[in-house]
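Here my numbering is used: position 97 in the sequence shown is 79, and no number is missing along the way.
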Amino acid sequence: MANKVVLAYSGGLDTSVAIRWLNETYGLETIALTIDVGAEKDISVVAEKARAIGALKAVTVDARQDFLQYFVWPALQANALYEGVYPLATALARPLIAKLLVDVARQEGAIAVAHGFTGKGNDQVRFDVSIMALAPDLKIIAPVREWKMTRDAEIEYAAAHGIPVAATSASPYSVDANLWGRSVEAGVLEDPWAEPPADVWDWTANPDAASEPTELTISFEQGVPVALDGEALDPVTLVQRLNALAGAQGIGRIDMIENRLVGIKSREVYEAPAATTLLAAHKAIESLTLSRDQSRVKEGLASEYARLIYNGQWYTALHADLLAFIHSSQRFVTGEARLKLYRGQATVVGRRAPHSLYQHALATYDRGDAFNHDAALGFIALWGLPVKTQAQTQLLAGQPGAQAMAQLTGGAPIAAPSAPATPATPTEQPLAEASAH
Ligand code: ARG
């Protein structure tokens, strides 16, 4: 019997052609694996197509819940945004798909896995590197990277092999979608100066069109969203509902030039209504429940974590280390955020948490103020001590020193202009009168 390969099968032209190509080129029988991560495709229809084209077997997996629980939630808990902007939907799904490919390859005794990514993107890297980590013995075949067929050549190949090509109105874009977002590239988007035309948007309404704001409360437990408006929801339903609610308000449209791992800049447009809304709500709960220092350290790790996800390093010890920090940091990130969704913005208008560090008695300017104002004096004396010492011994001392201080005020004169040469000994010179609050 022929050796087997497990192919990550989407039902599109590339992977459909790949089923026959793998057989002709490598003599392999294909097991087509179609995974539902929320792309809104009927995976049973896709599997049927794989069988019709000649796959030995077609396997489907509904991985939506696992995708959210084990891949998306940690990224949300970390507030991970690649280059501060992209919530990483596509990148997060890759290590999950790689793992499922390996699982099926083991079950079926396959010698190889295959995917339809090109030789130019991040996805091939994420995929291959994940497979190399999980199953170094499996051969990795990337037909599209190897065959170097143009799209027209592929269509010819399909026709010659009786492979049905959906005669769709051929979208000019390359699209990838899952519950955490939709990624769109190519076509006119390759001109970074060109505004994304209306037809790139599918999940989000025109932000200017909404007439009424949507008010919404999102509940979190240990950094994970669990309810909308007090109604407990499973992760998949919660994210689907939020994509619809926030999408209707035009929230989560992202247009960015990003730095790909393979060294090129590319223009990608994203729609991430649920992700954008949940990130805002999650940060609101953290603002009450994390200390200043936890927040600061966590903020630095958020960009590290985003980069690690983007760069395909999911199955690494560094990931395990970061994840331990992220999980530990979320112990008290329980509470509710109140949001107003309106015209493209998810605005947090209220937040509360049972373990909130916000103390009204400490914060208030009204009666009941428990903050020790006298202690502030001592605090300022010591906090300012090194500043004052340095100003006197260095910045205000002598001519070059006075210039150094002047630089810090944008050149505004601090010392009296016609003062005689300043003595070498430091003198106390008042800066401008501070306006105290
Ligand atoms: N640039 C994104 C990433 O690397 C998305 C890649 C897939 N995009 C697409 N339109 N097919 O994660």
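Glycine included, each C-beta is placed from N, C-alpha and C at the ideal position.
Practice task
List the endpoints of the continuous beta strand (DSSP E) containing Gly238.
Solution key: Reading off the sequence shown, one finds Met at residue 238, where the question assumed Gly. Note, Met238: beta strand (DSSP E), Arg235 to Asn241.
Handout entry: Thr375 versus Gly392: straight-line alpha-carbon distance, rounded
Key = Distance between the alpha carbons of Thr375 and Gly392 is about 21 Å.
Handout entry: C-beta atoms of Glu268 and Val315 nearer than 9 Å
Key = It is a contact, given that the beta carbons lie within the stated cut-off.
Practice task
May I have the straight-line CA-CA distance separating Leu7 from Glu65, to the nearest angstrom?
Solution key: Residue identity differs from the one stated: residue 7 is Thr in this sequence, not Leu. In a straight line, the C-alpha of Thr7 is about 40 Å away from that of Glu65.
Problem - By C-beta, the residues closer than 5 Å to any heavy atom of the ligand ARG, given in chain order - result: This selection yields Thr72, Ala73, Asn104, Ser156, Asp158, Ser165, Glu167 and Glu250.
Exercise for the section: Compute the beta-carbon to beta-carbon distance between Ile428 and Ala57, rounded to the nearest angstrom, for a pair I have assumed lies under 8 Å. Expected result: Given that the chain is displayed from residue -17 to residue 419, the structure contains no residue 428 and the question cannot be resolved.
Exercise for the section: Return the Cβ separation of Leu261 and Pro69 in integer angstroms, given the expectation that the two are a contact with Cβ distance under 8 Å. Expected result: Yes, Leu261 and Pro69 are in contact; Cβ-Cβ is about 7 Å, under 8 Å.
Problem - Residue(s) in a DSSP beta bridge with Thr329 - result: Listed as beta-bridge partners of Thr329 by DSSP are Lys322.
Handout entry: Beta-carbon proximity check, Val41 vs Ile1, cutoff 9 Å
Key = Against a cut-off of 9 Å, the Cβ pair of Ile1 and Val41 comes out as no contact.
Handout entry: Pro255 to Val170 span [Cα, whole Å]
Key = If I take the Cα positions, the gap works out to 23 Å.
Practice task
Out of Phe307, Ser338 and Val19, state which residue places its alpha-carbon closest to the alpha-carbon of Phe53.
Solution key: Here the closest residue by C-alpha is Val19.
Practice task
Given a cut-off of 9 Å, decide if His264 and Ala319 are closer than it, judged by their beta-carbon atoms.
Solution key: Yes. Within cutoff.
Exercise for the section: Whole angstroms is fine: what's the gap from Val107's alpha carbon to Trp365's? Expected result: Val107 and Trp365: Cα-Cα distance of roughly 49 Å.
Practice task
Measure the C-alpha to C-alpha separation of Leu(-5) and Tyr297 and round it to an integer number of angstroms.
Solution key: Taking the straight line from one Cα to the other gives about 30 Å.
Handout entry: Of the residues Ile362, Met387, Ile239 and Ala257, the one placed nearest Gln372, counting alpha carbons only
Key = Minimum Cα distance to Gln372 is reached at Met387.
Practice task
Name the residue from Tyr347, Phe99 and Gln47 whose alpha carbon lies nearest to the alpha carbon of Glu128.
Solution key: Of the candidates Tyr347, Phe99 and Gln47, the one whose C-alpha sits nearest the C-alpha of Glu128 is Phe99.
Practice task
Could you give the DSSP three-state label for Ala254: helix, strand or coil?
Solution key: Three-state DSSP puts Ala254 in coil, outside helix and strand.
Handout entry: Spatially closest choice to Gly103 from Gly332, Thr346 and Ile246, by CA coordinates
Key = Gly103 has its Cα closest to that of Ile246, out of Gly332, Thr346 and Ile246.
Practice task
Measure the Cβ-Cβ separation of Leu283 and Leu339 and say whether it is below 9 Å.
Solution key: Cβ atoms of Leu283 and Leu339: not closer than 9 Å.
Handout entry: CB contact flag (Ala258, Ile239, <9 Å)
Key = It should be noted that the sequence gives Thr, not Ala, for residue 258. Thr258 places its beta carbon 9 Å or farther from that of Ile239.
Practice task
Give me whichever residues DSSP pairs with Ala209 in a beta bridge.
Solution key: DSSP output for Ala209 lists Ser201 and Ala214 as bridge partner(s).
Exercise for the section: Give me the Cα-Cα distance between Ile233 and Glu90, rounded to the nearest whole angstrom. Expected result: Ile233 and Glu90 have their C-alpha atoms spaced approximately 43 Å apart.
Problem - Sequence-distant residues of the same chain with beta carbon closer than 6 Å to Lys130, five excluded per side - result: So no residue of the chain qualifies.
Problem - Within 9 Å, strictly: CB atoms of Asp105 and Thr72 - result: In this structure, Thr72 lies closer than 9 Å to Asp105 by Cβ.
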